[in-house]
Amino acid sequence: MYDADKLKQIATASKAWVDKTQDLISKRPERRQAFETLSGLPLERVYTPLDQYDASYLDDLGFPGTYPYTRGVQPTMYRGRFWTMRQYAGFASAEESNKRYKYLLGQGQTGLSVAFDLPTQIGYDSDHPLATGEVGKVGVAIDSLEDMEALFDGIPLDRVSTSMTINAPAAVVLAMYIETAAKQQVPAAKLKGTIQNDILKEYAARGTYIFPPGPSMRIITDIFAFCSENVPSWNTISISGYHIREAGSTAVQELAFTLANGIAYVDAAVKAGLEVDAFAPRLSFFFNAHMDFFEEIAKFRAARRLWARIMKDRFGAKKPKSMMLRFHTQTAGCTLTAQQPQNNVMRVTLQALSAVLGGTQSLHTNSMDEAFSLPSEQAVQIALRTQQVIAHESGVTDTVDPLGGSFFVESLTDEIEHRAQAYLDRIDELGGAVAAVEQGFIQKEIQESAYAYQRSVETGDRIVVGLNRFEQEQAPPANLLRVDPAVRNAQVARLKRLKKQRDNNRVAAALKDLKACAQTTDNVMPAMLAAVRSYATLGEICDTLRAVFGEYRAVSTL
Amino acid sequence: MNDNRCDNGQRPGKTIRVLAAKPGLDGHDRGIKVICYALRDAGMEVIYTGLRQTPEQIVQAALQEDVDVIAMSVLSGAHDYLFPRVMELLKQAGATDILVIGGGIIPEQDIPALKAAGIKGIFGPGTSTHDIVRFIEKNVSRA
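Protein sequence lines, in the order shown, are assigned to chains X and Y. For the first sequence, position 352 (counting from the first letter as 1) is numbered 354 according to our numbering, and the numbering increases by one without interruption. For the second sequence, position 89 (counting from the first letter as 1) is numbered 113 according to our numbering, and the numbering increases by one without interruption.
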């Protein structure tokens, strides 16, 4: 970006400055021998044009809304419209969660994000023995279409966008959402939202898998195909680095493993005969906003550039929308401390700011009490207000990619891109993301980073305020949210009644059709919709598929 | 297995054996895996069950592997059912000399009931692995 003469002058001046600074340091040493990011990337004292001498503005950065989208996916970004403020919520029963959604929408939230309980996420009804103790705990319990109707009662599905954190049973839950909308007279073509539908990171980091990789990838490509024709505004997958990072990975690993999974989904869909530009525009991503401010911003920018190049060069995508990496961000739950929990408000603020400076499309800010339990209503309100203050008061939203061109941020963006690319090459050598998970490679990389981080905290090398420095005895917060254990009994009673009232012949026929369909290579979605419409339960539908597909057994990595 | 390590007054000649377990449907295994590494670094033998273990499977594994300690982790809020259930099954099996500890997202007000059920130590977010190692070495009765 500078001509050779100017660079030479800068190099000479730089050398003089370094020498002078070394003298100073020999008298007054810096705080550390060497500085590095949270993920271990080396940090220079200062960055100059010399670090960016070979950068090409148009090839590497371009303009917002132009390839390779380093500076953002839209030309006007937050000058046009703010990101979607979307707080992940859901607990206990559908009725209870419905109340929380209406409260959040009333507080100015602009999209919904549904948390399901673990039995729902793993395809068990609330009356299953393995559901004991888990019903309604980490999210809402959904057993049948009836629960879904209650969950969105009075919420017009043509006017909100809904993100649903559901993976192994994503096809079932999407079918329930489409049928719920149909009851509100809203056609599928008008629905906006996202299903997470990212099974590969479940094997690697999150754990709510059901079926083995082969059939899981088939269901996912069926959803891509079905939605491209019938639910065109729906994000068919949210390829998630969030949970990989929460499980302990570094920023580079988060980015690399997420994009490797993305490559595997595109590969699978292309192999299934789909045209890349028919489904790729609806792929979306989900990243973590962790504690190292600049590293996170650089990660988001590198993610966009890498994905654009992958889609264009590797998959031959033609549509710009196929090359745009659109992403949701959640602040890092694992950075919240149980010690002095009010400090978490500041952590969340910094993390949220990095997501905004990194160009996120939607954002969840964690609540300060989440190291103890699901968030209380008051804590959620502060978290949402944090986003609103950034949006309306800080001024950072009035310029697109305000850190673009910073010698430091651009250098860090390049460094993260190169290191992530090295991982992608390694995963290709192993046979792709599915093979890498089956060999335990991804899991081992993550767990080793997690332990290295823990040790750095325990040796005091890394300071966590209130945890290993500036400690203070404090009583734990009051007013924590508690899920009433009676939720399970209510769900079980509801299931009993449903199974008595519904047309059980119709249910049996629908499940038989679904089974037959699963045994072929036909798209499962039409049979899935019919099963859901008959009020077959989520557990019955998943058991039907278990009988055909079998269940995944995790590899041991310890 | 038969090294003559003698940490914190333990009888020499026997290594502490730990079953690290994930009861229930919770998939958060960062914490338990970090504990596995730390206990191994402290010289213990650690067997990790993997995810989605029923209380029955955990107790059976503990007996089969003849462990001195069971360390369980739950972040889903199901500890209130799962931890006491493991204790009940251990009692039925006559294995009350196994030291049982638990960790995860566990609200303060739940701790008295878990301790009353026989869980000796409950460790929340931010706990140093050294504290867990010391607790085990001090309280283990079978090694």
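C-beta atoms are modelled at their ideal positions from N, C-alpha and C, and glycine is treated no differently. Remember, it's a predicted structure, so these values are computed and weren't measured experimentally.
Could you round the C-beta distance between residue i and residue j to whole angstroms and report it? I think they count as a contact, below 8 angstroms.
i	j	result
residue 403 of chain X	residue 102 of chain X	Contact flag wrong, Cβ pair sits at about 34 angstroms.
residue 115 of chain X	residue 83 of chain X	Not a contact, Cβ separation roughly 18 angstroms.
residue 252 of chain X	residue 41 of chain X	4 angstroms
residue 73 of chain Y	residue 119 of chain Y	Actually they are not in contact, since the Cβ atoms of residue 73 of chain Y and residue 119 of chain Y sit about 16 angstroms apart, beyond 8 angstroms.
residue 127 of chain Y	residue 138 of chain Y	Actually they are not in contact, since the Cβ atoms of residue 127 of chain Y and residue 138 of chain Y sit about 11 angstroms apart, beyond 8 angstroms.
residue 233 of chain X	residue 191 of chain X	7 angstroms
residue 525 of chain X	residue 224 of chain X	5 angstroms
residue 551 of chain X	residue 121 of chain X	Their Cβ separation, rounded to whole angstroms, is 19 angstroms, which puts residue 551 of chain X and residue 121 of chain X out of contact at 8 angstroms.
residue 444 of chain X	residue 206 of chain X	4 angstroms
residue 440 of chain X	residue 212 of chain X	That pair is no contact at about 16 angstroms.
residue 146 of chain Y	residue 130 of chain Y	6 angstroms
residue 237 of chain X	residue 286 of chain X	4 angstroms
Of the residues the options, which one's Cα is nearest the Cα of residue i?
i	options	result
residue 177 of chain X	X:87, X:10 and X:529	X:529
residue 182 of chain X	X:51, X:509, X:130 and X:144	X:144
residue 447 of chain X	X:28, X:249 and X:461	X:249
residue 210 of chain X	X:169, X:234 and X:393	X:169
residue 483 of chain X	X:352, X:140, X:426 and X:156	X:140
residue 159 of chain X	X:133, X:112, X:138 and X:117	X:112
residue 386 of chain X	X:260, X:217, X:369 and X:497	X:369
residue 282 of chain X	X:332, X:474, X:227 and X:296	X:227
residue 37 of chain X	X:46, X:31 and X:29	X:46
residue 88 of chain Y	Y:71, Y:75, Y:104 and Y:99	Y:71
residue 121 of chain Y	Y:129, Y:63, Y:157 and Y:143	Y:143
residue 442 of chain X	X:422, X:557, X:98 and X:346	X:557
residue 391 of chain X	X:354, X:79, X:431 and X:346	X:354
residue 76 of chain Y	Y:52, Y:90, Y:64 and Y:108	Y:52
residue 80 of chain X	X:347, X:393, X:548 and X:255	X:393
residue 81 of chain Y	Y:156, Y:43 and Y:155	Y:43
residue 149 of chain X	X:518, X:255, X:496 and X:27	X:496
residue 165 of chain X	X:193, X:374 and X:436	X:193
To which residues of the same chain is residue i closer than 6 angstroms at the C-beta, ignoring the five residues directly before and after it?
i	result
residue 543 of chain X	174 and 533
residue 29 of chain Y	Note that residue 29 of chain Y has pLDDT 40, beneath the 50 cutoff, so the model's placement of it is unreliable and no number is given.
residue 132 of chain X	126
residue 463 of chain X	none
residue 331 of chain X	289, 291, 357, 362 and 365
residue 32 of chain Y	For residue 32 of chain Y, the pLDDT reaches just 46, beneath the cut-off of 50, and the residue's location in the model is therefore unreliable, although a value from the coordinates is still provided. Around residue 32 of chain Y: 161.
residue 96 of chain Y	45, 47 and 126
residue 162 of chain X	114
residue 95 of chain X	489
So if DSSP puts residue i in a beta bridge, which residue, or which two residues, is it bridged to?
i	result
residue 69 of chain Y	Y:41
residue 290 of chain X	X:332
residue 194 of chain X	X:163
residue 467 of chain X	X:471
residue 44 of chain X	X:38
residue 4 of chain X	Beta-bridge pairing links residue 4 of chain X to no other residue.
residue 240 of chain X	X:286
residue 103 of chain X	In the DSSP output, where bridge partners are listed per residue, residue 103 of chain X has none listed.
residue 581 of chain X	This structure cannot speak to residue 581 of chain X, because chain X is shown only from 3 to 560.
residue 147 of chain Y	Y:127
residue 365 of chain X	X:87 and X:331
CB-CB under 7 angstroms to residue i, same chain, minus the five flanking residues each way: which ones, in chain order?
i	result
residue 419 of chain X	304, 307 and 308
residue 494 of chain X	128 and 129
residue 452 of chain X	249 and 250
residue 16 of chain X	50 and 52
residue 14 of chain X	none
residue 119 of chain X	136, 137, 138, 139, 140, 141, 142 and 143
residue 117 of chain Y	83 and 87
residue 79 of chain Y	47, 106, 109, 110 and 113
residue 257 of chain X	243, 301, 304, 305, 418 and 422
residue 311 of chain X	70
residue 39 of chain X	45, 294 and 297
Enumerate in chain order the residues of its own chain whose CB-to-CB distance from residue i is below 8 angstroms, with the five nearest sequence positions on each side excluded.
i	result
residue 383 of chain X	109
residue 512 of chain X	529, 532, 533, 535, 536 and 538
residue 164 of chain Y	34, 40, 92, 93 and 123
residue 388 of chain X	347, 350, 351, 354 and 367
Sufficient close CB pairs (3 or more, under 8 angstroms) joining the stretch 263-275 of chain X to the stretch 199-206 of chain X: yes
Segment contact flag, the stretch 279-292 of chain X with the stretch 234-249 of chain X, C-beta cutoff 8 angstroms, min 3 pairs: yes
Given 8 angstroms, three or more beta-carbon pairs between the stretch 337-353 of chain X and the stretch 138-152 of chain Y: yes
Sufficient close CB pairs (3 or more, under 8 angstroms) joining the stretch 498-505 of chain X to the stretch 386-399 of chain X: No, they do not touch.
Cβ contact (3+ pairs, closer than 8 angstroms) linking the stretch 63-78 of chain X and the stretch 464-481 of chain X: no
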